[in-house]
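Keeping their order, the protein sequence lines are chains V and L.
Take the first sequence: its letters are residues 1 to 429, numbered as in UniProt numbering.
Take the second sequence: its letters are residues 1 to 429, numbered as in UniProt numbering.
Quick notes on the structure that follows.
2 protein chains.
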Amino acid sequence: MTQSASRRKHIVVVGAGFGGVAFCQAFPEGLADITLVDRNNYHLFQPLLYQVATADLSPSDIAEPIRTIFDRRRDITVLMDEVTGIDFQSRIITMRRRTLQYDYLVLAIGARTGYFGNDDWARYAGGLKGIEDALNIRNRVLSAFEEAENCPDPSQVKCLTTFVVVGGGPTGVELAGALGELTRRVLRRDFKNIDTSQARVFLIQSAPRLLPPYHPALSEYARQKLVQLGVDVRVSSRVVRVGPHQIELDNGKIIEAANIIWCAGVEGHPLARKLGLPTDRTGRIQVEPDLRVPGHPEIFAIGDIAALTDAKGVVVPGVAPAALQMGRYAARVLAAELRGRPKPPPFVYFDKGSMATIGRAAAVLEVGKLRMTGFLAWIGWLIVHLAMLVGFNNKVSVLTEWIFRYITYRQGARIITTPRTDELLQETP
Amino acid sequence: MTQSASRRKHIVVVGAGFGGVAFCQAFPEGLADITLVDRNNYHLFQPLLYQVATADLSPSDIAEPIRTIFDRRRDITVLMDEVTGIDFQSRIITMRRRTLQYDYLVLAIGARTGYFGNDDWARYAGGLKGIEDALNIRNRVLSAFEEAENCPDPSQVKCLTTFVVVGGGPTGVELAGALGELTRRVLRRDFKNIDTSQARVFLIQSAPRLLPPYHPALSEYARQKLVQLGVDVRVSSRVVRVGPHQIELDNGKIIEAANIIWCAGVEGHPLARKLGLPTDRTGRIQVEPDLRVPGHPEIFAIGDIAALTDAKGVVVPGVAPAALQMGRYAARVLAAELRGRPKPPPFVYFDKGSMATIGRAAAVLEVGKLRMTGFLAWIGWLIVHLAMLVGFNNKVSVLTEWIFRYITYRQGARIITTPRTDELLQETP
């Protein structure tokens, strides 16, 4: 390698989600110096985040310290910091605490909850993207029942025990199902004055059916299972207004609900637009077939922040497997370039299939032409999610919790904690 | 029973710590209506709280929803609320959200971290009494290492990686030992620029030896084990000043430390003084031999909030077993009164012994004249703490974590999370 003779190139990877971590894991050791930056000290297994929101799992069950993932890689430096700006000319990235010079930049900054231009709705209808979101939802849901249990006013009780999930994609379906179980089965024994099975869970979907990318038969199965769990599923319904403890649909119906959770849309991390990069309508960076940012051959964008129709004409979806594949592909492209080898063919997304769980022992699964529902699909869902979870310790914790929950109908993390924000935490000595 | 003929008496129990929960569990079912009030929705197993602070355990491992503990008791109503005042004349208790009339009141409001009159030190040296405290310490400790790893200034690195634990009682000893292990062993592999085993952990004790109530041989064993874990133990040292990232001892020594944790003192919950009840110097309520509050035969004070020298002349210590015993005793006294039976003899504290763990596989244990140190004492500590932990699920989680930690030297909860405080959480619809 001629590389080792000259100064090694410095690759800065921003974001330690599925894309950023996959890039680092796939990039050949010793070929360059990599700095992986994230504002958290952990990699989050987002597919199970809704279970933190519904008190099934603890945050640490689905989060693994980034340093631990790369503790054997001497060429990878992990930084906990937040990017504030990038000077593309001098190739300098500015963060809250320091600046870094880069030769190559991998933007894996992901997506955030999107409100289709109604950002003021965020105040009343929080999303579910990070651990903080999940803990806020958990605290809200459990607090609402605590309040309702001792509330003398029936209309307030009704409002407190009404949950609205907006968005009929996998996250919305899984969350609504979990809330249905929580209210119908788990919390039931805990409360004496209210009947938690009278709690109302709405699932609002703008499209004519749930889980639109799936086969219609699976959508229908999911809808039926949710209805069995007591969820009031409203398809072809659009939200036109969100206020404090209130949501209005396009058919004029107003639902009074203390708990509104927004799973309807995502948009690219605002940093992409702030940097002036070419973004689509939802703020995602439009990338070239090799995942490079147009006009910036030294910058790659991967994962949920990247907008791409692949070489076979498939619109790459914003899901974990796509981010993993993009991370590995970008590593291959950049490694080839640094080694002076031929450029790999353009990125092609390989659809490994989709799955979503709907409460206890029910799931839908679609792999190519294979479709499955029910208990076996649920077992498949369990196995795939356990296998993908980073960290052996986490796998065991989550499996233990799931077994308990299955046997006992009890959630393991039903505690309300709101740590004070510690101002000193932000100070440097 | 004549009781069931007339209106049942209403007992309000404030605080769901060891004392309050023990009272409710011991009080005969159906003899009265009980309302148990706590500002949290969970009972906290405080003896393991330091392991949440050092990222060994998750909050939900050592917290059990209060409702779940009493889900089979139809005579017990659980309320999540915070007491703000009591009108002793009309027997009305005021809380943030509602008021309650009581016939009997059981104050089990516990203790908080005490600074011997230097309350301004709290800003720089937080205590370890609740889950919020523990999460703050965890976030601070992990953030300090994240900062140090990428800090160019050696003196800042030194300050960031210096930990001062003030107080050589069981909590201070256990926390200092756990910090010694965390820095010497657990985090070591995660960091590349800093050697975490160079982190300094100080344990400051004002008395001439650690664990003063124990036999001197055990104090000496604890000191030696801590020194082996790299802890700098300073006995006969008094703190005279605490500032931002700085602590000064009475011998003039100034330690620059970004992490100062106060385990030196406790004082009664401020509510006792605010209510104008007869308190001692540390704000605890001075109770009569039957745990009633002087001048208020309808009010009991139990657990850490009660100051009592028992019928045998023993000063009852502020520990979990004493709170449990007081809770059961008060239940017996009140049940006898309601049933018109003779009054039980005055409260006598039964000392079941004391134990403290010092890092991995080392502990001290003292039961009467039996003294034990080392591995067997540690196994004893494990068994007693697992047995006392409320909730079967929690027992299994904690045991699993401990086994992992013992085998892998890895902490399971090394993630930094600071949930936003959710203003809406406090609103009622």
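Even glycine gets a Cβ: it sits at the ideal position worked out from N, Cα and C.
For the pair of segments examined, the stretch 210-219 of chain V was found not to touch the stretch 257-270 of chain V: the number of CB pairs separated by less than 8 angstroms stays below three.
The continuous stretches of alpha helix (DSSP H) do not include L:TRP121, and DSSP gives it neither H nor E.
Secondary structure of L:ASN40 (DSSP, three-state): coil.
One thing to note: L:ARG292 has its Cβ no nearer than 9 angstroms to the Cβ of L:LEU31. By the criterion of a C-beta distance shorter than 8 angstroms, L:ARG273 is surrounded in its chain by THR279 and GLY283, once the five residues flanking it on both sides are discounted. Neighbours of V:ASN251 in chain L, taken as residues whose beta carbon is under 8 angstroms from its own, are absent, since the nearest beta carbon is some 23 angstroms off. At a beta-carbon threshold of 8 angstroms, the residues of chain V lying near L:LYS192 are ARG74 and THR77, ordered along the chain.
Here the alpha carbon of V:ALA363 sits roughly 5 angstroms from the alpha carbon of V:TRP378. Closest by C-alpha distance to L:SER236, out of L:ILE383, L:PRO244 and L:ASN251, is L:ASN251. A check of alpha carbon separations from L:VAL240 across L:LEU249, L:VAL233, L:ASP232 and L:ARG234 identifies L:LEU249 as the nearest. Taking every protein chain shown into account, the CB of L:GLN198 has fewer than 16 other CB atoms within 10 angstroms, so this residue is exposed. Note on the stretch 63-105 of chain L: whole beta strand (DSSP E) runs with a minimum of 3 residues are 63-65, 76-80, 83-87, 92-95 and 99-101, in chain order. Sixteen is the threshold: when 16 or more other Cβ atoms of the shown chains lie within 10 Å of the Cβ of V:GLU181, as they do, the residue is buried. Per DSSP, the continuous alpha helix (DSSP H) segment holding V:GLN224 begins and ends at 216-228. Interface criterion met: the Cβ of L:ARG414 is under 9 angstroms from a Cβ in chain V. Put simply, the stretch 323-338 of chain V touches the stretch 297-313 of chain V. At least three CB pairs are less than 8 angstroms apart.
Here V:ASN193 is exposed, its C-beta having fewer than 16 other C-beta atoms within 10 Å.
Using a Cβ-Cβ cut-off of 9 angstroms, L:THR183 does not count as an interface residue toward chain V, since no Cβ of chain V sits closer than that to its own. In the structure shown, L:ASN136 falls within a helical segment according to DSSP collapsed to helix, strand and coil. Within chain V, ILE415 have C-beta atoms less than 7 angstroms from the C-beta of L:TYR42, given in sequence order. In this structure, V:GLY353 and V:GLY368 form a Cβ contact; the two beta carbons are roughly 7 angstroms apart against a cut-off of 8 angstroms.
One thing to note: L:ASP81 has its Cβ within 9 angstroms of the Cβ of L:ARG97. DSSP, reduced to helix, strand and coil, places L:THR183 within a helical segment of the structure shown. Per the Cβ contact rule, the stretch 41-56 of chain L is in contact with the stretch 126-140 of chain L (3 or more Cβ pairs under 8 angstroms). Under the 9 angstroms criterion on CB atoms, L:ILE131 is classed as interfacial with respect to chain V. Per DSSP, L:GLY167 lies in no alpha helix (DSSP H) segment and is marked neither H nor E. Chain-ordered, the chain L residues with CB closer than 8 angstroms to the CB of V:ASP71 read ARG189 and ASP190. At the C-beta level, L:GLU256 and L:THR162 come within 9 angstroms of one another.
In chain order, HIS245, GLU256, ALA257 and ALA258 place their CB closer than 7 angstroms to the CB of L:CYS159, counting only its own chain and leaving out the 5 sequence neighbours on each side.
Distance from the CA atom of V:ARG185 to the CA atom of L:ARG39, rounded to whole angstroms, is 25 angstroms. Within the stretch 346-368 of chain V, no residue has its Cβ closer than 7 angstroms to any Cβ of chain L. Across the stretch 142-162 of chain L, CB contacts with chain V closer than 7 angstroms involve LEU142, SER143, GLU146, GLU147, ASN150, GLN156, CYS159 and LEU160, in sequence order along the chain. Nearest CB-CB separation between L:PRO47 and chain V: not below the 9 angstroms threshold. In the displayed model, V:ALA111 falls within a strand according to three-state DSSP.
V:PRO216 is outside the set of residues whose beta carbon lies under 9 angstroms from a beta carbon in chain L. Neighbours of L:PRO65 in chain V, taken as residues whose beta carbon is under 8 angstroms from its own, are ASP190, ARG414 and ILE415 in chain order.
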